[in-house]
Amino acid sequence: MDTEQKRRSEFAGVCHLVQQKQLVFGAGGNLSLRLGKQVLMTPSGRALEFLQAEDLVLVEPDGSYSGHGKPSSEYRMHLGCYAARDDINVILHLHSLYATAVSCLKTLNREQAIPIFTPGYGKRVGALPAVAYMRPGSQGLAEEVSAVIAERNSVLLQNHGMVVAGETVEQALGLAEEIEAEARMYLLLGERGRELSSQEIEDLVHYATGADKEKRQ
2 MDTEQKRRSE FAGVCHLVQQ KQLVFGAGGN LSLRLGKQVL MTPSGRALEF
52 LQAEDLVLVE PDGSYSGHGK PSSEYRMHLG CYAARDDINV ILHLHSLYAT
102 AVSCLKTLNR EQAIPIFTPG YGKRVGALPA VAYMRPGSQG LAEEVSAVIA
152 ERNSVLLQNH GMVVAGETVE QALGLAEEIE AEARMYLLLG ERGRELSSQE
202 IEDLVHYATG ADKEKRQ
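Numbers 2 to 218, taken from the numbering used here, label the letters of the sequence shown in order.
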């Protein structure tokens, strides 16, 4: 099995896992993997749980593509994020239930979409921003999301879901699950929750030194 075919097979398995973890539903969401200058992307209008290696679409930096189908309509967003960062290799755009529910709140705080309740989330995610609603697949949305991903590994899309990026699948998937868990906690707690104070969050960041220090995602 050549390298590209192996990566295709492995990434198809990731697609199945994402749907099994209920981070997407139906034919929602889109995933991509950097392959050198090209990007391997999930096809438009297909449920992730049924994808096979040959269904994944190979997208060039100029947006042209090859494969059995066409790439997700969000391909501009993925390409823009990769162009903004040379240290990320995976992008997951997910429609998970709780994070998407938070993105639909009338009271959505676009500076910090999810209150910080737990130390791990505060240290690894911090103040999760949300970009204003724009039509899915639009150039404007691609530009807004890639501008945020240029600075951090996660962003919420108003009335739409989340985008996470990582150097590896494990890193991106773990980040997505952490955001989903904190969003669920937020919706469960409502006004009853005690948020960490700004000083408590700063203490977490300063405490993380050396090998333990982690960039906010």
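Ideal Cβ positions, reconstructed from N, Cα and C, are used throughout, including at glycine. The model shown is predicted, which means the values in this text are computed figures rather than measured ones.
Residues near L129 by beta carbon distance below 8 Å, same chain, minus five either side | Q113, A114, I115, S155, V156, L157, I180
Taking the continuous beta strand (DSSP E) assigned at A166, which residues delimit it?
-> 162-167
State the beta-bridge partners of R35 as determined by DSSP.
-> V40
Give the DSSP bridge partners of H94, in chain order.
-> N31, V164
DSSP three-state call for S155: helix, strand or coil?
-> Residue state for S155 is assigned as strand, using DSSP reduced to three classes.
Which first and last residues belong to the alpha helix (DSSP H) in which V19 is found?
-> 4-21
Residue range of the alpha helix (DSSP H) that L190 falls in?
-> 170-190
Identify whether Y134 lies in helix, strand or coil by the three-state DSSP scheme.
-> Under the three-state reduction of DSSP output, Y134 falls in the coil class, being neither helix nor strand.
For the 8 Å Cβ check, are there 3 or more pairs between the stretch 65-84 and the stretch 11-28?
-> No, the stretch 65-84 does not touch the stretch 11-28.
List the residues that DSSP assigns as beta-bridge partners of P72.
-> P44
Short Cβ contact (8 Å threshold) for L142 with M78 = yes
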